[in-house]
Amino acid sequence: MLKTVRQSANAKTGPIAVTYRAGTGSMFGTCPAKCPLNPAPAAGAAVIDRGYLDAVRRAVPRNGRAWTYSHFPAEKLPVPAAGETVINFSADTLAAALKARKLGRPTTLTLATGAEIPKRVDGVRLVRCPAEISDSITCSSCGDGEPLCARGDRDFVVVFTAHGSQARLVGADIAGGCYGAGGHVAMQWRATSQKGAPDDAAALEAFAASLPPGSFLRHHVVGDIGRQR
Ligand code: SF4
42 MLKTVRQSAN AKTGPIAVTY RAGTGSMFGT CPAKCPLNPA PAAGAAVIDR
92 GYLDAVRRAV PRNGRAWTYS HFPAEKLPVP AAGETVINFS ADTLAAALKA
142 RKLGRPTTLT LATGAEIPKR VDGVRLVRCP AEISDSITCS SCGDGEPLCA
192 RGDRDFVVVF TAHGSQARLV GADIAGGCYG AGGHVAMQWR ATSQKGAPDD
242 AAALEAFAAS LPPGSFLRHH VVGDIGRQR
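Residues 42 to 270, numbered by my numbering, are exactly what the sequence shown covers, in order.
If you want it as structure tokens, here you go:
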């Protein structure tokens with residue numbers, strides 16, 4: 042199920058196009074069951090939805106930029122190609138982030154709130170999301186027209202610090218920590234699982250094609266590329 046928003050009101054993304062993706066009747070239905078942040082692993086997906094993934098890769102606004110994040114294993118994610126949506130591997134540990142970099146996948150890393158962020162580890166640069174350190178930067182203004190997360194060939198890891206009501210669980214040895222599991226985002230996500238477009242691949246392609254040239258599209262404020270069980 043897919044929900045599309047032409048202009049997000051979110052303070053962090055700024056006024057860009059975004060989507061939400063959920064399973065039918067389950068917020069976590071498209072997220073990997075093995076994601077350590079997933080508080081409902083039994084509802085999660087075991088495999089990637091290949092048809093939907095193909096749609097995501099193609100769903101880039103004309104002359105624009107598109108990106109997303111996935112908690113599926115880095116080696117299962119496509120290597121970025123010119124003109125396609127950039128699919129970032131979303132790591133929850135430094136070791137996983139470094140491994141993904143070695144595999145040539147664009148990588149983000151979420152650390153526990155207050156964790157120290159090293160500038161470089163094993164020759165890999167770590168760069169904190171600029172929107173976390175400046176109120177005047179959003180995804181729409183990040184990177185002077187080339188948002189950091191939309192750079193498929195970057196040689197650094199983008200670092201976030203955990204946020205949302207579940208943040209205390211990030212880096213802890215218990216399932217949970219997904220920032221979308223609580224608050225306003227959860228309300229939108231739950232609604233997506235109940236009233237979103239059922240053919241998410243078709244809805245996504247139509248949405249991307251309808252956006253003005255030069256638009257930015259961030260896929261999956263919440264949700265992932267999994268196939269619902
Ligand atoms: S690094 Fe830039 S594009 Fe990525 S989430 Fe932060 S502001 Fe948005």
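Where is the CB? At the ideal position from N, CA and C, for every residue including glycine.
| Item | Value |
| --- | --- |
| Can you tell me which residues fall inside 5 Å of the ligand SF4, judged by beta-carbon distance to its nearest heavy atom, and keep chain order? | Cys170, Ala172, Cys180, Cys183, Pro188, Leu189, Cys190 and Val199 |
| Give the straight-line distance between the Cα atoms of alanine 86 and arginine 195, rounded to the nearest whole angstrom. | 29 Å |
| Quick one: residues in its chain with C-beta nearer than 6 Å to the C-beta of threonine 233, no 5 flanking neighbours on either side, listed in chain order? | Met42, Lys44, Tyr61 and Ala63 |
| With respect to the alpha helix (DSSP H) encompassing lysine 236, which residues constitute its N-terminal and C-terminal limits? | 224-236 |
| Check glycine 267 in the structure and name its three-state DSSP category. | strand |
| Rounded to whole angstroms, what is the Cα-Cα separation between threonine 151 and leucine 139? | 13 Å |
| For glutamine 48, is the classification buried or exposed, using 16 other Cβ atoms within 10 angstroms of its Cβ as the cut-off for buried? | exposed |
| Nearest to tyrosine 110 by alpha carbon, out of Ala132, Asp95, Gly237 and His225? | Ala132 |
| Hey, out of Asn51, Pro82 and Lys53, whose CA is closest to glutamine 269's CA? | Pro82 |
| What are the start and end residues of the beta strand (DSSP E) that includes phenylalanine 201? | 197-202 |
| Give me the residue from Phe248, Arg231 and Pro254 with the minimum Cα distance to glycine 70. | Arg231 |
| Out of curiosity, what's the CA-to-CA distance linking arginine 106 and glycine 155? | 31 Å |
| Quick one: using the 10 Å Cβ neighbour count with 16 as the cut-off for buried, is alanine 141 buried or exposed? | buried |
| Near leucine 245, what residues of its chain come up, given a Cβ to Cβ distance below 8 Å and the 5 sequence neighbours on each side ignored? | Leu43, Thr45, Thr60, Tyr93, Ala96, Val97, Ala100 and His260 |
| Quick one: is serine 175 buried, meaning 16 or more other Cβ sit within 10 Å of its Cβ, or exposed? | exposed |
| Roughly how far, in whole angstroms, is the beta-carbon of valine 262 from the beta-carbon of valine 226, given that I think they are within contact range, below 8 Å? | 7 Å |
| If alanine 58 and leucine 252 are in contact, beta carbons under 8 Å, what's the gap, nearest whole angstrom? | 5 Å |
| So, helix, strand or coil for leucine 152, using DSSP? | strand |
| Along the chain, where does the alpha helix (DSSP H) that runs through valine 97 open and close? | 91-99 |
| Only counting runs of 3 or more residues, tell me where the beta strand (DSSP E) segments fall wholly within the segment 122-172, in order along the chain. | 127-132, 148-152 and 165-169 |
| Compare the C-alpha of threonine 157 against each of Leu167, Thr148 and Asp163 and name the closest. | The identity of residue 157 in the sequence shown is glutamate, whereas the question assumes threonine. For the residues Leu167, Thr148 and Asp163, the minimum Cα distance to glutamate 157 belongs to Leu167. |
| Rounded to the nearest angstrom, what separates lysine 53 and cysteine 180 at their Cα positions? | 7 Å |
| Assign glycine 64 to one of three DSSP states: helix, strand, or coil. | strand |
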